[in-house]
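Residue numbers (my numbering), protein chains in the order written: chain A, 106 to 742; chain B, 3 to 95.
We put the CB at the ideal spot given by N, CA and C, even for glycine.
This one's a predicted model, so the numbers in the text were calculated from it and none came from an experiment.
Written out below as structure tokens is the structure these notes cover.
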Amino acid sequence: MSTQTAENTPATSKDHVVCLVGMPNSGKTTLMNALTGGNFKTANYAGVTVSLLRGRSKPEFGTPRNIVDLPGVHSSVAPSPEEELAVEVIEGRHPKVKPDAFILVVDATQLERHLKFGGLVGRQGKPTVIALTMSDLLVRTGQSVSALKLANALGIPVIPVDPRTGRGVKELVAALDGLSGLLWVGNTLADVPTEPVAAFAHIQDILRRSGAVTRTAQPDSLTSRIDRFVLHRYLGFPVFFLVLISLFAAIFWMAQPFMDLIEAAFAIAADTVKGLAPESVLMRFLGDGVIAGVGAVAVFFPQIMILFFLMTLLEDSGYLARGAALVDRPLSYLGLHGRSFVPMLSGFACAIPAVFAARAIPARRERLLTIWILPLMSCSARLPVYALLLAALLPAAAWQAGLSLAVIYVSSLLIGAAVAGIAARIFMRHRQPSLLAMELPAYRAPRWWPILRMTWARGSAYLKRAGVPIMIVSAVLWGISNFGYVPGAPIASTPMEQSFASGLGQRLEPVLRPMGVDWRVGVGLISAFAAREVFVSSMAIVFHVDSDDEETQQKGLLKQMNSATFPGTTQRIFTPASIIGLIVFFFFSLQCFSTVAVVRKEMNSWKLAGLQLLFYTGLGYALAVLSVQTLRAFGVA
Amino acid sequence: MKVENDSRFHLQQLTVTVPSAQLLSSIPLNKAVRIDRLDGPHQDCARLLDLGFTPGEEITITQRVPLGDPLIVRVRGALLALRRREAAWIWVE
């Protein structure tokens with residue numbers, strides 16, 4: 106038995122930290138939502154919960170307190186990085202986050218496993234309250250659990266909570282207040298042995314003697330019925346592909362009207378600002394540099410939100426884990442892991458949340474391999490680039506461009522698989538695969554409001570993080586392409602041909618010519634390292650497209666690109682060969698400094714991040730040159 | 003606190019083959035069986051134990067996925083996807 110006085114952990118203290126802890130799928134993050142009203146920040150922006158969420162409890166729950174949601178822990182044996190992080194915080198070894206009290210989230214349908222984990226929390230000797238979730242699922246297993254009897258047996262308050270409706274959350278906070286006001290006695294969880302066999306026996310003994318659980322559990326019939334269908338021998342994969350196709354269709358088509366709207370709004374805003382004082386450099390800077398730059402990011406917001414929304418929906422309903430189980434065999438053949446599925450899927454939206462999502466992969470080697478191939482997944486930043494280039498390549502029919510885009514997407518997955526398979530066979534030949542042992546949560550009908558709140562929290566965090574570098578680069582690019590150094594004169598606004606960008610691009614001309622493009626495209630390629638989609642807006646800047654005219658920016662840009670020639674000649678720049686070369690370059694090249702920075706941080710290795718940058722960008726350049734020269738050799742201009 | 007039947011749960015990797023023990027992967031669907039012992043890489047088996055696969059516990063294979071791997075196993079009210087390779091470490095009575 107452990108006891109502790111409450112004096113050193115007053116609930117009113119500003120630094121008082123309550124940690125939400127539990128196993129994955131226990132409803133922790135939903136409870137976080139209910140406690141904070143969705144008002145929390147991710148330490149990193151995440152695809153699926155992989156980082157610490159920090160927030161403050163809503164005023165209606167009394168004194169606001171700091172709440173930290175820790176990643177779910179399956180087991181502290183051979184942990185994944187996110188599990189290790191959670192265990193570190195729980196044991197008080199984390200340098201920044203020191204828990205003063207715990208809310209232990211326990212799934213009522215899996216008391217033995219969840220209370221066994223609770224042993225780790227109980228041993229810390231800190232005030233602990235149990236939030237008993239999933240009580241609504243007990244109907245399916247034919248059981249009932251008495252929170253009161255459980256609380257008596259454990260010596261800890263046990264509050265039944267349904268975080269999805271908010272039921273019990275107030276009582277949970279009240280129980281937490283009760284603990285910190287009184288002398289805190291009890292906590293049988295602290296006596297749970299660390300050795301698993303003895304620990305489970307101990308928990309079973311407590312549960313049996315408490316009489317808290319009636320009847321033994323029946324299998325959850327709804328979950329078995331759905332699994333028989335979605336994991337069916339013949340139907341399993343068709344269902345899986347249907348889900349994925351719907352996901353991508355939704356990301357691209359549902360987002361389109363919103364994207365058009367945002368694009369139009371930013372065009373109007375830019376014109377309005379420039380219209381205020383047409384001759385002013387400042388207004389031009391604000392209009393073409395800043396507002397257009399913000400627009401380049403904001404236009405992706407609908408796609409990112411829809412992706413996060415659907416991923417949260419799939420995760421919440423329970424299907425995402427089934428998808429990972431389905432593809433575990435092919436993925437492990439490639440040296441990856443079933444859990445590589447979620448990062449790879451996120452990679453089709455953006456590599457950055459995907460890199461974070463890879464934290465759920467237990468073994469460093471499989472995580473490394475997953476992160477290594479993530480830049481190949483066709484992220485949504487490539488989409489506007491492909492859209493522009495395909496429109497220039499195949500102006501006749503939209504369906505041809507659509508089909509080519511589908512081919513590009515599927516190829517990115519296949520080539521990613523090939524790279525992983527080859528790398529695993531060369532560098533990791535003699536390694537045993539790591540453990541899968543992945544939990545498949547019970548299916549639950551989604552609750553829209555918590556999912557929407559979660560989507561907003563994840564999406565807005567993404568926008569803030571990715572938006573700033575893109576804005577800065579747009580502004581700098583505008584500056585270097587509009588200003589130049591003319592001998593004998595101060596640095597001033599100059600035509601494009603005399604600008605800093607031109608000077609820089611012309612030095613790169615020898616490298617760019619084999620790809621069949623000139624320095625202006627080179628400026629676009631370099632600026633795309635801020636974010637690939639910046640290529641489109643820089644092309645508009647370097648080819649002097651005015652959005653003032655009646656036509657849309659893309660049509661104007663296409664017209665300019667069509668008539669663009671190498672300086673001093675009549676030779677066109679954008680020929681089928683050079684456009685294909687550019688597509689190949691964008692397909693492979695790691696043109697995203699944010700990804701490089703995030704990979705460095707995640708793998709704690711500059712060498713690895715640098716190697717990845719050089720490998721993919723070098724490969725992209727070599728293959729682009731190869732395609733252009735081969736096509737030309739066969740008579741394609 | 004005394005742990006009941008502590009000796010029964012000794013799981014150090016047995017070298018003696020119990021004649022009645024079978025591989026988990028050879029058990030038909032939806033047939034409840036008791037775990038006899040775990041026999042595999044130390045670290046991996048330790049994690050399986052920690053996840054609830056302890057000797058004496060009843061488990062059921064509830065589903066085989068389309069490619070035959072992994073198996074879906076119910077243990078202590080949870081569904082876990084186990085690769086055939088991992089299931090081969092679990093011997094059942």
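Residue range of the beta strand (DSSP E) that includes residue i
{"i": "residue 65 of chain B", "result": "60-66"}
{"i": "residue 207 of chain A", "result": "206-212"}
{"i": "residue 76 of chain B", "result": "73-77"}
{"i": "residue 235 of chain A", "result": "233-238"}
{"i": "residue 160 of chain A", "result": "158-161"}
{"i": "residue 69 of chain B", "result": "Element bounds for residue 69 of chain B: n/a, residue is neither H nor E."}
Beta-carbon contacts of residue i that lie in its chain and below 6 Å, excluding the five residues immediately before and after
{"i": "residue 175 of chain A", "result": "124, 126, 191, 194"}
{"i": "residue 434 of chain A", "result": "none"}
{"i": "residue 624 of chain A", "result": "610, 611, 614"}
{"i": "residue 188 of chain A", "result": "178"}
{"i": "residue 113 of chain A", "result": "For residue 113 of chain A, the pLDDT reaches just 41, beneath the cut-off of 50, and the residue's location in the model is therefore unreliable, leaving the point undetermined."}
{"i": "residue 499 of chain A", "result": "505, 506"}
{"i": "residue 356 of chain A", "result": "408, 411, 412"}
{"i": "residue 262 of chain A", "result": "234, 256, 280"}
Proximity to residue i [Cα-Cα], best of the options
{"i": "residue 568 of chain A", "options": "A:472, A:410, A:599", "result": "A:410"}
{"i": "residue 690 of chain A", "options": "A:665, A:663, A:726, A:470", "result": "A:726"}
{"i": "residue 231 of chain A", "options": "A:122, A:308, A:138, A:663", "result": "A:122"}
{"i": "residue 718 of chain A", "options": "A:704, A:576, A:367", "result": "A:704"}
{"i": "residue 468 of chain A", "options": "A:445, A:487, A:720", "result": "A:445"}
{"i": "residue 731 of chain A", "options": "A:683, A:714, A:720", "result": "A:683"}
{"i": "residue 367 of chain A", "options": "A:392, A:356, A:399, A:639", "result": "A:399"}
{"i": "residue 488 of chain A", "options": "A:724, A:217, A:358", "result": "A:358"}
{"i": "residue 30 of chain B", "options": "B:74, B:91, B:81, B:82", "result": "B:74"}
{"i": "residue 342 of chain A", "options": "A:516, A:405, A:640, A:429", "result": "A:429"}
{"i": "residue 240 of chain A", "options": "A:218, A:455, A:479, A:131", "result": "A:131"}
Residue i: contacting residues in chain A (beta-carbon distance under 7 Å)
{"i": "residue 88 of chain B", "result": "540, 541, 542"}
{"i": "residue 80 of chain B", "result": "215, 218, 544"}
{"i": "residue 51 of chain B", "result": "301, 302"}
{"i": "residue 67 of chain B", "result": "336, 341, 430, 431"}
Run of the alpha helix (DSSP H) containing residue i, from where it starts to where it stops
{"i": "residue 187 of chain A", "result": "186-195"}
{"i": "residue 88 of chain B", "result": "86-89"}
{"i": "residue 544 of chain A", "result": "Run containing residue 544 of chain A: none in the alpha helix (DSSP H); it sits in the beta strand (DSSP E), 543-545."}
{"i": "residue 615 of chain A", "result": "605-617"}
{"i": "residue 93 of chain B", "result": "Careful: residue 93 of chain B lies outside any alpha helix (DSSP H), inside the beta strand (DSSP E) at 92-94."}
{"i": "residue 328 of chain A", "result": "326-335"}
{"i": "residue 349 of chain A", "result": "341-354"}
{"i": "residue 40 of chain B", "result": "Not the alpha helix (DSSP H): residue 40 of chain B falls in the beta strand (DSSP E), residues 35-40."}
{"i": "residue 47 of chain B", "result": "44-53"}
Per-residue contacts from residue i into chain B (C-beta, under 7 Å)
{"i": "residue 517 of chain A", "result": "Within chain B, no residue comes near residue 517 of chain A; the closest Cβ sits about 23 Å away, beyond 7 Å."}
{"i": "residue 179 of chain A", "result": "53"}
{"i": "residue 329 of chain A", "result": "64"}
Chain A contact residues for residue i, given Cβ-Cβ distances below 9 Å
{"i": "residue 45 of chain B", "result": "182, 183, 540"}
{"i": "residue 85 of chain B", "result": "433, 434, 437, 443, 538, 540, 541, 542"}
{"i": "residue 23 of chain B", "result": "Chain A residues near residue 23 of chain B: none, gap ~18 Å exceeds 9 Å."}
Through-space distance from residue j to residue i, alpha-carbon basis
{"i": "residue 120 of chain A", "j": "residue 251 of chain A", "result": "34 Å"}
{"i": "residue 304 of chain A", "j": "residue 224 of chain A", "result": "8 Å"}
{"i": "residue 626 of chain A", "j": "residue 644 of chain A", "result": "7 Å"}
{"i": "residue 52 of chain B", "j": "residue 238 of chain A", "result": "22 Å"}
{"i": "residue 382 of chain A", "j": "residue 388 of chain A", "result": "6 Å"}
{"i": "residue 334 of chain A", "j": "residue 327 of chain A", "result": "11 Å"}
{"i": "residue 321 of chain A", "j": "residue 78 of chain B", "result": "10 Å"}
{"i": "residue 346 of chain A", "j": "residue 352 of chain A", "result": "10 Å"}
{"i": "residue 288 of chain A", "j": "residue 242 of chain A", "result": "Note that residue 288 of chain A has pLDDT 46, beneath the 50 cutoff, so the model's placement of it is unreliable and the number below is only indicative. C-alpha separation (whole angstroms): 35 Å."}
{"i": "residue 154 of chain A", "j": "residue 699 of chain A", "result": "At residue 154 of chain A the pLDDT is 44, less than 50, meaning the model places this residue with poor confidence; the figure from the coordinates comes in the next sentence. Residue 154 of chain A and residue 699 of chain A: Cα-Cα distance of roughly 20 Å."}
{"i": "residue 268 of chain A", "j": "residue 629 of chain A", "result": "48 Å"}
{"i": "residue 738 of chain A", "j": "residue 470 of chain A", "result": "42 Å"}
{"i": "residue 547 of chain A", "j": "residue 742 of chain A", "result": "58 Å"}
{"i": "residue 3 of chain B", "j": "residue 424 of chain A", "result": "Since pLDDT at residue 3 of chain B reaches only 44, below the 50 mark, its modelled position is unreliable, and no value is offered."}
{"i": "residue 561 of chain A", "j": "residue 466 of chain A", "result": "25 Å"}
9 Å Cβ cut-off: residues of chain B touching residue i
{"i": "residue 246 of chain A", "result": "79"}
Own chain partners of residue i with C-beta closer than 7 Å, once the 5 adjacent residues on each side are dropped
{"i": "residue 654 of chain A", "result": "Reliability of the predicted coordinates at residue 654 of chain A is poor, the pLDDT of 49 falling under 50, and the value obtained from them is presented with this limitation in mind. If we look at residue 654 of chain A and ignore the five residues flanking it on each side, its Cβ neighbours are 661."}
{"i": "residue 245 of chain A", "result": "325, 326, 327"}
Neighbouring residues, chain A, relative to residue i (Cβ below 8 Å)
{"i": "residue 74 of chain B", "result": "332, 336, 430, 545"}
{"i": "residue 71 of chain B", "result": "433, 434"}
Residues near residue i by beta carbon distance below 8 Å, same chain, minus five either side
{"i": "residue 550 of chain A", "result": "422"}
{"i": "residue 166 of chain A", "result": "140, 274, 275, 278"}
Where residue i meets chain B, residues with beta-carbon distance less than 8 Å
{"i": "residue 324 of chain A", "result": "62, 64, 76"}
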